[in-house]
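For reference, the structure discussed in these notes is given below.
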Ligand code: AMP
């Protein structure tokens, strides 16, 4: 069983690596950003609320995220899963922990992709023209990065301290293939 969390600021390459590794290990890729973006297409009341929050670069409420992730994980039948973009707050990490424990399950690997703000700012601007994402513009990038520093970095630091034996730091400034190679090496080692 491979249950993996990818951490890193927006634009660090979490999604790209999560996709590659989910195919490599044949496990599910659960990107909360992708799930939320799909939800926006429904154009109902909730979608309109989410749209405003996401376009501003702020975080969606823990209750919504915890519900999305737990209902997806309840349906999970594959050999494992990769969480990409979750947990992003300490409340979410506590919820995930309780949820997994209640099912006698746990996380096996945590990859933290580290990258400087300068590099990721440029990457996000390139991605904005490729994917046409409303939240990939210079005004919103700073809010998203601040959200990362204020909330998510605390979560990854918590895991780093508590689960040091399964916590791996990755240099996000490397080429995509290089990063994948390093991740695969860590997966093989343990
Ligand atoms: P991402 O594609 O992971 O960068 O997510 C895009 C946006 O979706 C974020 O800026 C948040 O507004 C929202 N989002 C995704 N995952 C979460 C989460 N775990 N907690 C709160 N908001 C989230």
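In the numbering used here, the protein residues as written are 6 to 195.
Backbone N, C-alpha and C fix where the C-beta goes; we use that ideal spot for every residue, glycine too.
The structure displayed is predicted, hence computed values, not measured ones.
Item                                                                                       : Value
DSSP three-state assignment for residue 29, whether helix, strand or coil                  : helix
Which of helix, strand or coil DSSP assigns to residue 38                                  : helix
Residue 96 CB to nearest heavy atom of the ligand AMP below 7 Å                            : no
Beta carbon shell of the ligand AMP at less than 5 Å from a heavy atom                     : 15, 37, 38, 41, 59, 64, 65, 70, 90, 91, 93
Nearest residue (CA-CA) to residue 155, options 36, 9, 14, 173                             : 14
Contact between the stretch 65-74 and the stretch 83-101 (3+ Cβ pairs under 8 Å)           : yes
Cα-Cα separation between residue 145 and residue 54, rounded to whole angstroms            : 17 Å
Exposure label - residue 101; buried when at least 16 CB within 10 Å                       : buried
Residue span of the alpha helix (DSSP H) that contains residue 164, given as start and end : 158-167
Where the beta strand (DSSP E) containing residue 88 begins and where it ends              : 85-89
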